[in-house]
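The sequence shown: position 223 = 257 (the numbering used here), numbered continuously.
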Amino acid sequence: MAAANAPIAMREALTLTSLGIAPQFVTFTHVTMESEKYICVRETSPQNSVVIIDMAMPMQPLRRPITADSALMNPNTRILALKAQIPGTTQDHLQIFNIEAKTKIKSHQMPEQVVFWKWITPKLLGLVTQTSVYHWSIEGDSEPTKMFDRTANLANNQIINYRCDPAEKWLVLIGIAPGAPERPQLVKGNMQLFSVDQQRSQALEAHAASFATFKVVGNENPSTLICFASKTTNAGQITSKLHVIELGAQPGKPGFSKKQADLFFPPDFQDDFPVAMQVSQKYGLIYVITKLGLLFVYDLETAAAVYRNRISPDPIFLTAESSSTGGFYAINRRGQVLHATVNDATVVPFVSGQLNNLELAVNLAKRANLPGAENLVVQRFQELFAQTKYKEAAELAAESPQGLLRTPETVAKFQSVPVQAGQTPPLLQYFGTLLTRGKLNAFESLELSRLVVNQNKKNLLENWLAEDKLECSEELGDLVKTVDNDLALKIYIKARATPKVVAAFAERREFDKILIYSKQVGYTPDYLFLLQTILRTDPQGAVNFALMMSQMEGGCPVDYNTITDLFLQRNMIREATAFLLDVLKPNLPEHAFLQTKVLEINLVTYPNVADAILANGMFSHYDRPRIAQLCEKAGLYLRALQHYAELPDIKRAIVNTHAIEPQALVEFFGTLSREWALECMKDLLLVNLRGNLQIVVQAAKEYSEQLGVDACIKLFEQFKSYEGLYFFLGSYLSSSEDPEIHFKYIEAAARTGQIKEVERVTRESNFYDAEKTKNFLMEAKLPDARPLINVCDRFGFVPDLTHYLYTNNMLRYIEGYVQKVVVFRLSVNLGAVPQYAEYENGESRERSFGSGPVT
């Protein structure tokens, strides 16, 4: 048979000699291979060293100067175990090192010599002495633990292997010894099988052995199997056998039936014998390798022979499982490291064609998901279906290689079967069988889910999803969404139906999760569409989502203006405002348009909001003339004034004092130039003298220094506003020595009826023009003559006063003046004249001038 069509493919992975390893070190005592990852070679010349070959990079071996009797690399990690005999004793010193960390993990001094050792798990070393077997864990600080004593059949044997099953409940020790006298060339093989639970051993004849697990139909728990090969002679007859036996049968459960098969050695290989056995769990095959390079391949389930061939012309002394490929490695005396693998494309056709074992071909194809048995599987399925053996047909379809029968057509075939009352529908039988085998594909998951949704059995869906029995798809999520949104979201996430996941998060208002999820899966959602979707049902949620987008790394994926327009199209002024106020906080020049926009929309609809925004002073790049106009239209005249830059605009807006807070308007005048301020004050008085007078007065008083007192006086005089003058000059009078200002104040007070103030100033002020004031008061003809009396009395105009009072028939003021003023002066001149004092205190003098008009 051509090698290309052989069911087993062989290749040379490397040769040890090509790595500089001398041929004398290519032996069982110098080379170890505990797994497919590492080979370890112990050299004793020209110097003691250990060579570690990493099979991932075999051409870069690691050589370290180490003296040891044996070296073992851990099956999984870069941990090295070393054994060396203590000189002058029969004791061995054991050490375990972490090569990468360059640290010692632990060490132990064995009281007896270790004749064989092996990593039986990544955490456990098996140590075999002349009499016993120990286990030593690399974890903690525990010492080796004795497991069992060697049986008598292994006395004086060379131990060549030691193994445990995956559960560490069964142990097997293999040794070889010289052949019988009648046939010394045929080496004897001996085996000790030990049960950890029962603490019992069984001695058997075998050259090679291995553990395996196998799932028997009807038993959910896998069975533990021991496979061993033997070659014995009895009365000159040679018997070569392979045995497969279940260990620890499970009560009440279907068990594995014991199997055995012959090992057919060619005539030239009668003295050859098995030296190694590996079991491929991936393919369910047993590999038996002999010393002279023969390879026997058997089916694990049936012990049926599959293949035999010589794979090496040189003796093989070491093998290791290749778990990643389902094959094995073998090392021969020439230093070749051979790699054997199953040829996926040819093994099933080989079994069905060359061996004519159709059942094995189908089983092998199902077990390892291999091509080559399609026609056989389909034919058998149709036969079972025609025989109404739906359960068997379902099992065959469930196990069909490469999902050959896991199709919509198969589902439709089961659906088409009429269901008898009280019977389980064949379709449910089919799905039930699939569920026991593993995970359903997308179509199967959808169809089964449709059944349970229609039956309102959502809990089944939840259980299957939790057990990872269903393949999630977008279609499945759509189906489940009709009954459970939360469950549908989980399905969408597993199915990586990213748009549906994003939509689901949006529906749940979990907008932050949209951004997190999209970043995790590298997805760019249609953010504009998402925002539009959210807007329809959740305006505030839309604002939150828009704000989250604005904070995304790399910038907002949707233009701010576009987002704003989406809100405005739905008349969502408040939402648009909330969004813009947040994103425009940095107050950047490039956002001038948006600053203008947010002010515009609020000035038109919610002027009070716009007023608050402007009062906050957070923007400085918007279109000020445009906003000024809108402020004026909205009745926000003060804001308009603050934004206008032309005098006509200011004059037009400022006259709306009914809508402007007076103090704010007064403060506004402080921002204007002298000329503009006076112009605006003039307009205020022109439009509404009475209504605006106090504002103008306050402004004049507040900014008199900038505006000029004379200008302010002139302004009030222009409108003949003596009231304005009175209030304006009243605040200025105490600090002024200008006779004209004092006179004008007296005049304004007189013309506004503030007689008491006229009396006070004429009596107290030293700065007014006496002559001018006297003449004014005489012309004014005030009803109260006291101001005139003050001026005339103080400045020597008594004759004029007397004439005025007499002419205007104000005799009582003459009497009062004489009684009060003149007598007072006489008292000052006369000093303490008794008669004057009596006069001053008399009852006829008790009425005073200062208390009012004389009656």
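Just so you know, even glycine gets a beta-carbon here, dropped at the ideal spot from N, CA and C.
Practice prompt. Could you tell me if Tyr840 is buried or exposed, where buried requires 16 or more neighbouring beta carbons within 10 angstroms of its beta carbon?
Written response: Along the sequence shown, read from residue 1 onward, the residue named residue 840 stands at position 806. With fewer than 16 other Cβ atoms within 10 Å, it is exposed.
Worksheet entry | C-beta atoms of Gln304 and Ile272 nearer than 8 Å | As a first step, residue 304 is located in the sequence shown; it is residue number 270 there, counting from the start. As a first step, residue 272 is located in the sequence shown; it is residue number 238 there, counting from the start. Yes, the pair counts as a contact, with Cβ atoms nearer than the cut-off.
Worksheet item: Counting along the chain, where does the beta strand (DSSP E) carrying Asp88 start and finish?
Response: On the sequence shown, residue 88 is found 54 positions in, with the first residue counted as 1. Asp88 -> beta strand (DSSP E) spans 83 to 88.
Worksheet item: How is Lys547 classed by DSSP in three states: helix, strand or coil?
Response: As a first step, residue 547 is located in the sequence shown; it is residue number 513 there, counting from the start. Lys547 falls in the helix class under three-state DSSP.
Worksheet item: Where do the N-terminal and C-terminal ends of the beta strand (DSSP E) with Gly160 fall, by residue?
Response: Against the sequence shown, residue 160 aligns to sequence position 126. From DSSP, the beta strand (DSSP E) with Gly160 extends over 158 to 163.
Practice prompt. May I have a chain-ordered list of the beta strand (DSSP E) segments no shorter than 3 residues that lie completely inside the segment 220 to 262?
Written response: 222 to 229, 234 to 239, 242 to 248
Worksheet item: Where does Glu813 sit, in a helix, a strand or coil, going by DSSP?
Response: Numbered from its first residue, the sequence shown carries residue 813 at position 779. The answer is helix: DSSP assigns Glu813 an H, G or I state.
Worksheet item: Roughly how many whole angstroms lie between the Cα atoms of Gly865 and Gly850?
Response: Numbered from its first residue, the sequence shown carries residue 865 at position 831. Numbered from its first residue, the sequence shown carries residue 850 at position 816. A caution first: Gly865 carries a pLDDT of 43, below 50, which makes its placement in the model unreliable, though a value can still be read off. Distance between the alpha carbons of Gly865 and Gly850 is about 22 Å.
Worksheet item: By Cβ distance, which residues of its chain are closer than 7 Å to Ala576, with the 5 residues on each side in sequence left out?
Response: Here the question's residue 576 lines up with position 542 in the sequence shown. Leu565, Ile568, Leu569, Glu609, listed in sequence order.
Worksheet entry | Neighbourhood of Ile550 by C-beta distance below 6 Å, restricted to the same chain and skipping five residues each side | What you label residue 550 is simply residue 516 of the sequence shown in a count that begins at 1. None.
Fill in: Distance CB(Asp683)-CB(Ala662) smaller than 8 Å
Against the sequence shown, residue 683 aligns to sequence position 649. Against the sequence shown, residue 662 aligns to sequence position 628. Cβ distance < 8 Å, so Asp683 and Ala662 count as in contact.
Practice prompt. Give me the Cα-Cα distance between Arg45 and Lys222, rounded to the nearest whole angstrom.
Written response: Numbered from 1 along the sequence shown, position 11 holds the residue referred to as residue 45. Numbered from 1 along the sequence shown, position 188 holds the residue referred to as residue 222. Distance between the alpha carbons of Arg45 and Lys222: 31 Å.
Worksheet item: Quick one: is Phe627 buried, meaning 16 or more other Cβ sit within 10 Å of its Cβ, or exposed?
Response: As a working mapping, residue 627 is identified with position 593 in the sequence shown. Exposed.
Discussion item. According to DSSP, Arg708 sits in a beta bridge with which residue or residues?
Written reply: One-based indexing of the sequence shown puts residue 708 at position 674. Answer is none; Arg708 lacks a bridge partner.
Discussion item. Here's the rule: buried if 16 or more other CB atoms are within 10 angstroms of the residue's CB, otherwise exposed. What is Leu523?
Written reply: Here residue 523 is taken as the residue at index 489 of the sequence shown, counted from 1. Buried.
Fill in: Closest by C-alpha distance to Asn39, when choosing among Ser244, Pro109, Gly387, Val331
Working through the sequence shown from its first residue, we reach residue 39 at position 5. Among Ser244, Pro109, Gly387, Val331, the Cα nearest to that of Asn39 is on Gly387.
Discussion item. Just to confirm my understanding: we take Pro573, look at its own chain, exclude 5 residues before and 5 after, and list those with CB closer than 7 Å. What are they?
Written reply: Position 539 of the sequence shown, counting from 1, holds the residue named residue 573. The answer, listed in chain order, is Met606, Glu609.
Item to complete: With His373 as the anchor, note down where its beta strand (DSSP E) starts and where it stops.
Response: In the sequence shown, the residue the question calls residue 373 occupies position 339. Taken as a continuous stretch (DSSP letters only), the beta strand (DSSP E) holding His373 covers 370 to 376.
Worksheet item: Who does Met107 pair with in a DSSP beta bridge?
Response: Numbered from 1 along the sequence shown, position 73 holds the residue referred to as residue 107. Bridge partners of Met107: Leu114.
Item to complete: Enumerate, from N- to C-terminal direction, the unbroken alpha helix (DSSP H) stretches of 4 or more residues contained entirely within the segment 683 to 770.
Response: 696 to 703, 708 to 721, 723 to 736, 738 to 741, 743 to 752, 756 to 764
Practice prompt. Label His169 either buried or exposed according to how many other C-beta atoms from any shown protein chain fall within 10 Å of its C-beta, with 16 as the threshold for buried.
Written response: Taking the sequence shown and counting its residues from 1, the one referred to as residue 169 is at position 135. Looking at its Cβ environment, which holds 16 or more other Cβ atoms inside 10 Å, His169 is buried.
Discussion item. Across the segment 684 to 699 and the segment 657 to 673, are there enough close Cβ pairs to call them in contact, namely three or more that are closer than 8 Å?
Written reply: yes
Worksheet item: Sorted by chain position, which residues of the same chain lie with C-beta nearer than 8 Å to Pro41's C-beta, five sequence neighbours on each side aside?
Response: Taking the first residue of the sequence shown as 1, we reach residue 41 at position 7. Contacts found: Val331, Val340, Tyr341, Val376, Asn377, Thr380, Val381, Phe384, Val385.
Fill in: alpha helix (DSSP H) segment containing Arg660, residue limits
Translated into the one-based positions of the sequence shown, residue 660 becomes position 626. First-last of the alpha helix (DSSP H) with Arg660: 658 to 667.
Practice prompt. Could you tell me if Pro156 is buried or exposed, where buried requires 16 or more neighbouring beta carbons within 10 angstroms of its beta carbon?
Written response: What you label residue 156 is simply residue 122 of the sequence shown in a count that begins at 1. Per the 10 Å Cβ criterion, exposed.
Practice prompt. Within its chain, find whatever has a CB closer than 7 Å to the CB of Pro773; leave out the 5 residues flanking it on each side and keep chain order.
Written response: Here residue 773 corresponds to residue number 739 of the sequence shown, with the count starting at 1. For Pro773, where only same-chain residues beyond five positions count, the Cβ hits under 7 Å are Phe801, Tyr802, Asp803.
Worksheet item: For Glu192 versus Gly213, is the C-beta spacing smaller than 8 Å?
Response: Your numbering for residue 192 matches position 158 in the sequence shown. Your numbering for residue 213 matches position 179 in the sequence shown. For clarity, residue 192 is Gln in the given sequence; the question names Glu instead. No, the Cβ-Cβ distance between Gln192 and Gly213 is not below 8 Å.
Worksheet entry | For Ile73, the residue or residues it bridges with in DSSP | Taking the sequence shown and counting its residues from 1, one reaches residue 73 at position 39. The partner list for Ile73 (beta bridge, DSSP) reads Ile87.
Discussion item. Suppose contacts are defined by Cβ-Cβ distances below 8 Å. Is Ile548 in contact with Phe539 by that definition?
Written reply: Residue 548 sits at position 514 when you count from the first residue of the sequence shown. Residue 539 sits at position 505 when you count from the first residue of the sequence shown. Going by C-beta atoms, Ile548 is nearer than 8 Å to Phe539.
Discussion item. Rounded to the nearest angstrom, what separates Ser104 and Glu505 at their Cα positions?
Written reply: By 1-based counting over the sequence shown, the position of residue 104 is 70. By 1-based counting over the sequence shown, the position of residue 505 is 471. Those two C-alpha atoms are separated by around 50 Å.
Worksheet item: To the nearest angstrom, how far is it from the Cα of Ala432 to the Cα of Ala399?
Response: Within the sequence shown, numbered from 1, the residue matching residue 432 stands at position 398. Within the sequence shown, numbered from 1, the residue matching residue 399 stands at position 365. Approximately 12 Å, taken between the alpha carbons.
Fill in: Boundaries (first-last residue) of the alpha helix (DSSP H) holding Pro533
Taking the sequence shown and counting its residues from 1, the one referred to as residue 533 is at position 499. It spans 532 to 541 - the alpha helix (DSSP H) in which Pro533 sits, taken as one unbroken run.
Worksheet item: From Val743 to Ser755, what does the alpha carbon distance come to, in whole angstroms?
Response: Position 709 of the sequence shown, counted from the start, is the residue given in the question as residue 743. Position 721 of the sequence shown, counted from the start, is the residue given in the question as residue 755. Approximately 15 Å between the Cα atoms of the pair.
Worksheet item: If you drop the 5 nearest sequence neighbours on each side, which residues of the same chain put their C-beta closer than 8 Å to that of Leu352?
Response: For the purposes of this step, residue 352 is taken as residue 318 along the sequence shown, with counting starting at 1. Around Leu352: Phe62, Val65, Thr66, Met67, Ala310, Ala364, Ile365.
Worksheet item: How would you label Met652, buried or exposed, when you count the other beta carbons within 10 angstroms and need 16 or more for buried?
Response: Along the sequence shown, one-based indexing puts residue 652 at 618. By the neighbour-count rule (16 or more Cβ atoms within 10 Å), Met652 is not buried but exposed.
Worksheet item: Three or more C-beta pairs closer than 8 Å, one from the segment 93 to 113 and one from the segment 71 to 80: is that the case here?
Response: yes
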